[in-house]
Structures are given as structure tokens and as C-alpha cells.
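Student:
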Amino acid sequence: MKEVYNIRYGSVLKIFGWLMLLESLLLILPALVCLIYGEEDWRAFLVSIISTGAIGGIAAYCFRDNETHVHRREGYLLISFVWVLFSAFGMLPFILGSPRLGVADAFFETMSGFTTTGATVMTDVESQSHGILFWRSVIQWIGGLGIVFFLIALLPALNDSGGISLFNAEITGVTHDKLHPRIRKTAMSLWAVYGGLTLLMIPLLAVGGMSVFDSICQAMTTMSTGGFSTRNASIASWESPWIAGVVTVFMFVGGVNFILVYNAVSGQWRQLWGNGVFRNYLVIVAAAFILIAGSLLAVPGHGSYGEVTLAALFQISSSITSTGLTYSNFAAWGTLPLMIIILLMMCGACAGSTTGGIKVDRVAVLFKNIRNEIVLTLFPRHIKMVEFGKGVLSDSALIRVMAFITIYILIVIAGALVMSGYGYTVTDSFFASASCMGNNGLGFGATGAGYGELPDPLMWLFSLEMLVGRLEIFTVLVLFYTPFWRK
Numbered sequence: 000m001k002e003v004y005n006i007r008y009g010s011v012l013k014i015f016g017w018l019m020l021l022e023s024l025l026l027i028l029p030a031l032v033c034l035i036y037g038e039e040d041w042r043a044f045l046v047s048i049i050s051t052g053a054i055g056g057i058a059a060y061c062f063r064d065n066e067t068h069v070h071r072r073e074g075y076l077l078i079s080f081v082w083v084l085f086s087a088f089g090m091l092p093f094i095l096g097s098p099r100l101g102v103a104d105a106f107f108e109t110m111s112g113f114t115t116t117g118a119t120v121m122t123d124v125e126s127q128s129h130g131i132l133f134w135r136s137v138i139q140w141i142g143g144l145g146i147v148f149f150l151i152a153l154l155p156a157l158n159d160s161g162g163i164s165l166f167n168a169e170i171t172g173v174t175h176d177k178l179h180p181r182i183r184k185t186a187m188s189l190w191a192v193y194g195g196l197t198l199l200m201i202p203l204l205a206v207g208g209m210s211v212f213d214s215i216c217q218a219m220t221t222m223s224t225g226g227f228s229t230r231n232a233s234i235a236s237w238e239s240p241w242i243a244g245v246v247t248v249f250m251f252v253g254g255v256n257f258i259l260v261y262n263a264v265s266g267q268w269r270q271l272w273g274n275g276v277f278r279n280y281l282v283i284v285a286a287a288f289i290l291i292a293g294s295l296l297a298v299p300g301h302g303s304y305g306e307v308t309l310a311a312l313f314q315i316s317s318s319i320t321s322t323g324l325t326y327s328n329f330a331a332w333g334t335l336p337l338m339i340i341i342l343l344m345m346c347g348a349c350a351g352s353t354t355g356g357i358k359v360d361r362v363a364v365l366f367k368n369i370r371n372e373i374v375l376t377l378f379p380r381h382i383k384m385v386e387f388g389k390g391v392l393s394d395s396a397l398i399r400v401m402a403f404i405t406i407y408i409l410i411v412i413a414g415a416l417v418m419s420g421y422g423y424t425v426t427d428s429f430f431a432s433a434s435c436m437g438n439n440g441l442g443f444g445a446t447g448a449g450y451g452e453l454p455d456p457l458m459w460l461f462s463l464e465m466l467v468g469r470l471e472i473f474t475v476l477v478l479f480y481t482p483f484w485r486k
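Counting in numbering that gives the first Met the number 0, the sequence shown runs from 0 upward without gaps.
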């Protein structure tokens, strides 16, 4: 008999309370940074800590007797609920600090951080306090692998099927693989690799001339493929090929499925090289490099072979991994490189990574399905399944992939149409919509200097796009399906 149950809001609010307490603890870190540098913004963080901690504490206490086990529907509700409210409370330092942001701008900035989009409303990042800059880096680092996934790693109470429901609702990809049967052990292993790579990057950046503070912040925003920077000109500010090279490598690694990264770090390199999605990722990067570098070298004025190689690899890695950092003025590269960059933004890297976009996995499934349809047109009796990983995709999984890609493109187009209705060009509108939906954060034309000049309705629209893109559409859309709320 099919199981029937109501959504248990008490369980949802209990876990929500834990997460708010976690956010209040995270807010202590930038407050300490403000105190170290003697900055007044510590007061803004103190108010934020008290407000967030109080709400979290009340929720956790009032619903302490409720179960922590959550069903699938509760998992979807909690994930969407938490990402929105984490941004709502996380924006308090931007509203209370100096210079103060409006509500729409502050929410956009925070949602951009947690979803690792990297689009910013700040035109002068360098005028911000160290505490604000550090908070921007922290929210991107936490959002990289997932807010709730971080809680799963910390709390043994979520090490059951309830934790799996949350894992499945927040994780990206066609299939949701785990390293261990126990979900908490999987979370701890992946966070250990993620944290280890972040720590490794810090001294490598410092060697290139970055300050310790900048190195810490940039390591967090690069490993999370988030893209926030402590400088107005992003990575170009340091004018260091070494720093650009280090960032390129770590952006690329951030685009790989972290289960594969874990296996590689554990010495199981064959699982990395033998993975079809990873090979497709390499092929796409290589093809994009040949086209962009060839286009730049064909026109004088873009620098030497070495400079073009570094600039092309950096921008390709930044675009496909949805990091959004910049090293060169790619807007001056011409039409072909710009179109390739847009396609890379929409494609994204590997599922199970920290990146946004459609994902290489789904693009591969799309082309395999197209090939099969062509074969069926010629040979109607020929039966050929779509292979994926070590098996084949079921019809339902294949339909879900096709639906995802279709809805993804429709949302990008819809966002572009709304923005163009405000008088912006089609190119600027499509680029901004694709950038936010793909959690990329790159700006072009009207958003080249930042998103702060956009009207408030567009800020809210693109904030929603960032959330839908990060949670991979269905986790959010299911909340608008009426039967979701029924018994």
C-alpha cells in the first residue's frame, strides 16, 4: 500500500532552527575579523548574530521534541526554505554595515554568495571592510557543497534516511552517488577534501604576492567556484601570471565531481581517468581553448602565445565552472569567443561539483539521445538505450534530463525577455539571465561593471533565477505543484 503522510512542519522547523544557529556561529568569524582590523562593522555583525541566533534558538527549542527524520517532500520544502532564509538573515550585515545596501541589493548579494553565483552589486569592493569581504567569501565557501550538506556532516542525528532525503534534494546531477552507505560519512569525506584543497590553495596564492587575507578569501571563493573577489578588477588586479595559473587549476578542479576528486586524492586515479563525464569535460575545455585561442591569435593585439594561452584557459575555466572570475577583458575578444563563453556558462562542468549550469552529464545524455533518435529514424526496429556511467538510463531518468534542459533554457529566455522589457539590449539581457541561472556571475554590457544599476524588480527576478539554478529547478518548482501540499 502506498504510504500517505502529511508534511510535518515541526520537524522542518527544528532542522531550520539548527541551521539558523549554524549561521549565527558563522557570523562570528567576520565579526572577529572586524575587531582584528579595528573596523566599526563589528556592530552590524553583532546585531546579525543575535537576531539569527535568537530565531534559530527559538525554533530549535520549541520543536525540540519533533523527529529529525524527514520524508522526501519535507526535504524539498526544507532545502528551498533554508536557502531563502539563510540569504534573508545573511544579508543583515550588508544592510546594517557601511556603506549600507538596500534590501533588494543586499538580498541579491547574499543569494549570489550562497548560490556561488558571484554576481555583485558592489561597484567598489575595495572600499568594503575586511569583515564584509570575509563574510562574502564565507557564504560562498559554505554554499559551494551546500548549506544543508554542511549540517549533515556536523550532526549525527541526520545520519539516516532523513539525511538522504536532504542530500537528494540539494545535490546536483543526473544520479546521486554516495561514497559510503552512511550519508554523514559521505558528507564528512567530501568536506574534508574540499577543505583540504582550499587550505592548499592559500600558500600557493601567497607565494604569488597576495596578502594572507586576500589569499584566504580568494581560496574560498575559487574552490567554491563562487567568484567573489576582494579587488575591483578581480584576479587581474594582481597582474600575476602565477596567481592566474593557480586560480585556473583550482577552478578546473572545482568543476570535477568531488567524489572523483576524493577517489583521486585517495590514490584511485583510474576512477578519474575512466570516468566518461570527466573525459567529456576535458574534451569541451580543449575544444573551447582551440577555438578561442585560435581566434585571438588570428587577430594582432591580444598578446604573445603564452599570454593568450593563459588568458583563454583562465576564462574558459571561469566560464564552464561558473566561477565568474576575470583576468582579461573578454568583452573585447570578439563575437566568436563571446558566444563560446555563453555556451560554456550554460553547459557548466560536472555534476557533483560546486558548479552551476546544465552540467556536462546532461549535455552528454542529450547528444546520446539525439544520436539514438537518428538511428531509430533509419532503423525503426533498432533498440538502443542511453548509456550513462556503468549502466543505462531508465526512460523516466531520460525524460527528467530532457525536461530539465528544456525548462532551463525557457527560464533563461524568460529572464532575458523581462530584462529586455526594461530597455536593455537582447545581448545584455540574455547574458545576464544566463549568468544568473547558471550561477556564473559574469557581467557583460549593462552588467559589466556589476548588477547594482538594475532596477529592484530585476534584482528579485535574478535572485530567484540563482536559487532555481543552484537547486536544479525541480527542488523549487515542486513547491508550486498543488498536490505537493496535500496529504
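All residues carry an ideal CB built from backbone N, CA and C; glycine is no exception.
Mind listing, in chain order, the continuous alpha helix (DSSP H) runs of no fewer than 4 residues lying wholly within the region 26 to 86?
Tutor: The qualifying runs are 41 to 61.
Student: DSSP state of F387, grouped into three classes?
Tutor: Strand.
Student: Considering L271, what are the terminal residues of the alpha helix (DSSP H) in which it resides?
Tutor: Per DSSP, L271 belongs to the alpha helix (DSSP H) from W268 to W272.
Student: Got a sec, what are the start and stop residues for the alpha helix (DSSP H) D213 sits in?
Tutor: Where D213 is concerned, the enclosing alpha helix (DSSP H) stretches over V211 to M222.
Student: In the DSSP assignment, find the unbroken alpha helix (DSSP H) run with G253 in it and report its ends.
Tutor: Where G253 is concerned, the enclosing alpha helix (DSSP H) stretches over P240 to G253.
Student: Is it true that the CB of W140 sits closer than 9 Å to the CB of S223?
Tutor: The answer is yes: Cβ separation under 9 Å.
Student: Rounded to a whole number of angstroms, what is the C-alpha to C-alpha distance between L457 and V362?
Tutor: Approximately 29 Å between the Cα atoms of the pair.
Student: Does DSSP put Y100 in a helix, a strand or coil?
Tutor: Here the sequence assigns Leu to residue 100, which means Tyr is not the residue at that position. Note: L100 maps to coil in three-state DSSP.
Student: If contacts are defined as beta-carbon pairs under 8 Å, then V364 and L392 qualify, I think. What distance do you get, rounded to the angstrom?
Tutor: Confirmed, Cβ separation roughly 7 Å.
Student: Quick check on the burial criterion: 16 or more other C-beta atoms within 10 angstroms. Buried or exposed for F366?
Tutor: By the 10 Å Cβ count, F366 comes out exposed.
Student: Is it true that the CB of T220 sits closer than 9 Å to the CB of E125?
Tutor: Not a contact, by the Cβ cut-off of 9 Å.
Student: Looking at chain B, is there any beta carbon in it that lies within less than 9 Å of the beta carbon of E66?
Tutor: Included in the structure is just one protein chain, with no chain B present.
Student: Could you give the distance in angstroms between the alpha-carbon of Y480 and the alpha-carbon of E73?
Tutor: One C-alpha to the other measures close to 14 Å.
Student: Quick check: the region 90 to 103 against the region 188 to 206, are at least 3 beta-carbon pairs closer than 8 Å?
Tutor: At 8 Å Cβ cutoff, the stretches do not touch.
Student: Could you pull out every residue in the same chain whose Cβ sits closer than 7 Å to the Cβ of G9, ignoring the five residues on either side in sequence?
Tutor: So the list reads F62 and N65, once near-sequence residues are dropped.
Student: Return the CA-CA distance between S294 and T308, expressed in angstroms with no decimal places.
Tutor: Whole-angstrom Cα-Cα distance: 12 Å.
Student: For T446, which of helix, strand or coil comes out of DSSP?
Tutor: If DSSP states are grouped into helix, strand and coil, T446 belongs with the helices.
Student: Quick one: what's got a C-beta closer than 6 Å to D213's C-beta in the same chain, skipping five residues either side?
Tutor: Excluding positions up to five away in sequence, the list reads T229.
Student: In this structure, does DSSP put R230 in helix, strand or coil?
Tutor: If DSSP states are grouped into helix, strand and coil, R230 belongs with coil.
Student: Who are the near neighbours of T354 in its chain, counting only those whose CB is closer than 6 Å to its CB and skipping five residues on each side?
Tutor: Taken in chain order, the residues that qualify are T224, G254, T320, S321, G347 and A348.
Student: Taking all protein chains shown into account, do 16 or more other C-beta atoms lie within 10 angstroms of the C-beta of P29, making it buried, or fewer, making it exposed?
Tutor: Answer is buried; the Cβ neighbour count reaches 16.
Student: Count the other CB atoms within 10 Å of the CB of R183; is the residue buried (16 or more) or exposed (fewer)?
Tutor: Answer is buried; the Cβ neighbour count reaches 16.
Student: Drop a sphere of 10 angstroms on the beta-carbon of D394, count the other beta-carbons inside from all chains shown, and report buried for 16 or more, exposed for fewer.
Tutor: Per the 10 Å Cβ criterion, exposed.
Student: For F313, does the count of other Cβ atoms within 10 angstroms reach 16, so buried, or fall short, so exposed?
Tutor: Label assigned to F313: buried.
Student: Kindly indicate which three-state DSSP category L91 falls into: helix, strand or coil?
Tutor: L91: helix per DSSP, three-state reduction.
Student: Which two residues bound the contiguous alpha helix (DSSP H) that contains S128?
Tutor: From DSSP, S128 is part of no alpha helix (DSSP H); its letter is neither H nor E.
Student: Taking all protein chains shown into account, decide if I483 is buried (16 or more other Cβ within 10 angstroms of its Cβ) or exposed.
Tutor: One point to set straight first is that residue 483 is Phe, not Ile, in the sequence displayed. It is exposed - the Cβ of F483 has fewer than 16 other Cβ atoms within 10 Å.
Student: Just confirm the distance between the C-beta atoms of L18 and V81, as a whole number of angstroms; I'd bet it's less than 8 Å.
Tutor: Correct: roughly 5 Å between the Cβ atoms.
Student: Sorted by chain position, which residues of the same chain lie with C-beta nearer than 7 Å to M0's C-beta, five sequence neighbours on each side aside?
Tutor: The predicted model places M0 with a pLDDT of 37, which falls under 50 and marks its position as unreliable; any figure quoted below should be read in that light. None.
Student: Could you please give the first and the last residue of the uninterrupted alpha helix (DSSP H) stretch that includes I316?
Tutor: With the sequence shown as reference, residue 316 is identified as Ser, and Ile is not the correct amino acid for it. S316 -> alpha helix (DSSP H) spans Y304 to I319.
Student: Mapping the DSSP letters down to three states, classify P379 as helix, strand or coil.
Tutor: P379: coil per DSSP, three-state reduction.
Student: Can you tell me whether T37 is buried or exposed, with buried defined as 16 or more other CB within 10 angstroms of its CB?
Tutor: Per the sequence presented here, residue 37 reads as Gly, with Thr not at that position. G37 comes out exposed.
Student: Do three or more CB pairs link the region 394 to 414 to the region 453 to 471 at distances below 8 Å?
Tutor: Output reads yes: the region 453 to 471 touches the region 394 to 414.
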